[in-house]
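Sequential numbering from -19 applies to the sequence shown in this note's numbering. Beta carbons are placed, not taken as given, at the ideal position from N, Cα and C, and that holds for glycine. I have placed the structure first, in the form of structure tokens, so that the comments after it can refer back to it.
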Amino acid sequence: MATLHIFNPEHDIALATNLANFTAPHAGRQLRADLGFLPALWAKEDDAIYVENVEYAEKAFRRVMRKPVQRTFVASPTKVDDISPWGWDKALRAELKRKGCDASLLPTDDQLVHIRQLSHRRTAARLLPLLQTDYTVGEAYECREATEVEELLARYGQVVMKAPWSSSGRGLRFLSKERTPFSLQAGWFRNLVERQGCVMVEPYYNKVKDFGMEFSADGEGHISYEGLSLFHTQNGAYVGNILATERAKREMVSRYIPVVWLDEIKQKIISNLDLGTYSGPFGIDMMIIKDGFLHPCVEINLRRTMGHVALSLTPDDDEVVKVMRIELTDHYKLKINKL
-19 MATLHIFNPE
-9 HDIALATNLA
1 NFTAPHAGRQ
11 LRADLGFLPA
21 LWAKEDDAIY
31 VENVEYAEKA
41 FRRVMRKPVQ
51 RTFVASPTKV
61 DDISPWGWDK
71 ALRAELKRKG
81 CDASLLPTDD
91 QLVHIRQLSH
101 RRTAARLLPL
111 LQTDYTVGEA
121 YECREATEVE
131 ELLARYGQVV
141 MKAPWSSSGR
151 GLRFLSKERT
161 PFSLQAGWFR
171 NLVERQGCVM
181 VEPYYNKVKD
191 FGMEFSADGE
201 GHISYEGLSL
211 FHTQNGAYVG
221 NILATERAKR
231 EMVSRYIPVV
241 WLDEIKQKII
251 SNLDLGTYSG
261 PFGIDMMIIK
271 DGFLHPCVEI
281 NLRRTMGHVA
291 LSLTPDDDEV
301 VKVMRIELTD
311 HYKLKINKL
């Protein structure tokens, strides 16, 4: 069965705006144009990858692979049996409709509503209590009134306000009872409640390590574990994704927490997370806290992630550890270097 793959990294912003006629910011458009070849890393030989510039995509893919691998790039939707984007949203469906894509391969209005609602941060908030054990932390609250946020800030001293829908690393505001009171972000809060209905508020945790787990769902209630997603940082700043075997990544995590915790949390997620009819990849961000506790569900990304990209480049040798990063010069480029 041939599949059409699409890299649409503007997906998170498109979900937030929830418009069919959506124009992504310049950075999102350039990222899609420059890295549109990425699905070739996991596509099958008879699949097709939908890109803006076929010649550019072929060259970029060859540069990453450094060996002959046959993949088909197309500049318009071709006849396939299935479509697999980075993430489904109204804007992508409208784009594919305009390009003459077979309507039977596109999600319905109800399916798009389902995906958007599951992508709301309340999905993570509802899963959190089901993952708690004696070594975990994590709470999240859905707030619509300023008084609710002020009460949480008084209780915890430091909190993070999060937009229900936002692109990775954005849509966050940090509050501190001592330094940054709610009044400084009251306007942001009001505007967000007006646009998105609420704001999610969580206690601030002093983290020492970010990581994640990657999964896929089959649309019939079954969830499969794909692998760990580890990040490489320098001076606390994200640099890229670690490329290593699962065994090597587990060993890295074991320097912070017992790896048996990973297995227990993974099983709790598979047993408790209800994604209904959603079919496709997703990732769950986690973090290790300074005092040795684990936050098992900071965020659920109901789409493919850079962690999935990293998994498609996993080395065979436990001794080989590399870093995959996206670098911006005149174009976005995928770089892979030894650690």
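Between the Cα of residue i and those of the options, spot the shortest distance and give me the residue it belongs to.
i: glycine 192; options: Ala83, Ala166 and Lys246; result: Lys246
i: leucine 319; options: Phe211, Ser259 and Asn281; result: Phe211
i: asparagine 171; options: Tyr185, Ala126, Pro57 and Asn(-12); result: Ala126
i: glutamate 200; options: Asp310, Ala40 and Ser259; result: Ser259
i: leucine -16; options: Pro238, Asn317 and Lys59; result: Lys59
i: proline 238; options: Ser196, Arg124, Ile268 and Thr309; result: Ile268
i: tyrosine 184; options: Trp168, Phe169, Arg153 and Ser196; result: Arg153
i: isoleucine -7; options: Leu291, Asn281, Asn317 and Arg305; result: Asn281
i: leucine 208; options: Ile63, Met266 and Phe53; result: Met266
i: arginine 124; options: Glu174, Asp310 and Arg78; result: Glu174
i: arginine 51; options: Glu35, Ile29 and Glu244; result: Ile29
i: phenylalanine 53; options: Arg78, Ala13 and Lys47; result: Ala13
Could you tell me the alpha carbon to alpha carbon distance between residue i and residue j, rounded to whole angstroms?
i: proline 65; j: leucine 133; result: 39 angstroms
i: asparagine 252; j: arginine 283; result: 19 angstroms
i: arginine 102; j: glutamate 122; result: 7 angstroms
i: methionine 286; j: asparagine 221; result: 8 angstroms
i: methionine 45; j: lysine 248; result: 36 angstroms
i: glutamate 32; j: alanine 55; result: 5 angstroms
i: arginine 43; j: glutamate 307; result: 14 angstroms
i: tyrosine 236; j: valine 179; result: 31 angstroms
i: arginine 96; j: glutamate 279; result: 14 angstroms
i: glycine 118; j: lysine 142; result: 14 angstroms
i: isoleucine 264; j: valine 49; result: 31 angstroms
i: arginine 405; j: leucine 15; result: Examination of residue 405 is not possible in this model, given that the chain is present from -19 through 319 alone.
i: aspartate 89; j: aspartate 69; result: 10 angstroms
i: aspartate 198; j: alanine -18; result: 17 angstroms
i: glycine 272; j: valine 240; result: 14 angstroms
i: valine 187; j: leucine 274; result: Reading off the sequence shown, one finds lysine at residue 187, where the question assumed valine. Using only the alpha carbons, I get a separation of about 9 angstroms.
i: isoleucine 203; j: threonine 116; result: 22 angstroms
i: proline 19; j: aspartate 190; result: 25 angstroms
i: phenylalanine 169; j: glycine 151; result: 11 angstroms
i: isoleucine 316; j: phenylalanine 41; result: 13 angstroms
i: histidine 100; j: aspartate 254; result: 14 angstroms
i: alanine 74; j: serine 234; result: 45 angstroms
i: leucine 98; j: isoleucine -14; result: 21 angstroms
Find out if the Cβ-Cβ distance for the pair residue i, residue j is shorter than 8 angstroms.
i: phenylalanine 17; j: alanine 37; result: yes
i: glutamate 206; j: glutamate 194; result: yes
i: leucine 111; j: proline 261; result: no
i: histidine 94; j: glycine 256; result: yes
i: leucine 11; j: tyrosine 312; result: yes
i: proline 57; j: leucine 76; result: yes
Since I believe residue j is in contact with residue i (beta carbons under 8 angstroms), could you give me their beta-carbon distance rounded to a whole number of angstroms?
i: proline 144; j: glutamine 165; result: About 16 angstroms; that fails the 8 angstroms criterion.
i: valine 289; j: leucine -5; result: That pair is no contact at about 20 angstroms.
i: valine 303; j: leucine 223; result: 7 angstroms
i: valine 219; j: threonine 225; result: Not confirmed; about 20 angstroms, so no contact.
i: glutamate 130; j: phenylalanine 162; result: 5 angstroms
i: asparagine -12; j: glycine 67; result: 7 angstroms
Any heavy atom of the ligand ATP closer than 7 angstroms to the beta-carbon of residue i?
i: leucine 107; result: With respect to the ligand ATP, the structure shown offers nothing to examine, as it has no ligands at all.
Any Cβ of chain C within less than 8 angstroms of the Cβ of residue i?
i: alanine 55; result: Within the model displayed, chain C is absent; a lone protein chain is all it includes.
### Three-pair Cβ contact test at 8 angstroms for the region 218 to 231 versus the region 78 to 94
no
### Query
With a cut-off of 8 angstroms, do at least 3 Cβ pairs link the region 287 to 299 to the region -10 to 5?
no
### Message
Would you call the region 155 to 174 in contact with the region 134 to 146, where contact means no fewer than 3 C-beta pairs closer than 8 angstroms?
### Response
Because the criterion of three Cβ pairs below 8 angstroms is met, the region 155 to 174 and the region 134 to 146 touch.
### Query
Touching or not, the region 15 to 35 and the region 106 to 126, by the rule of three or more beta carbon pairs under 8 angstroms?
no
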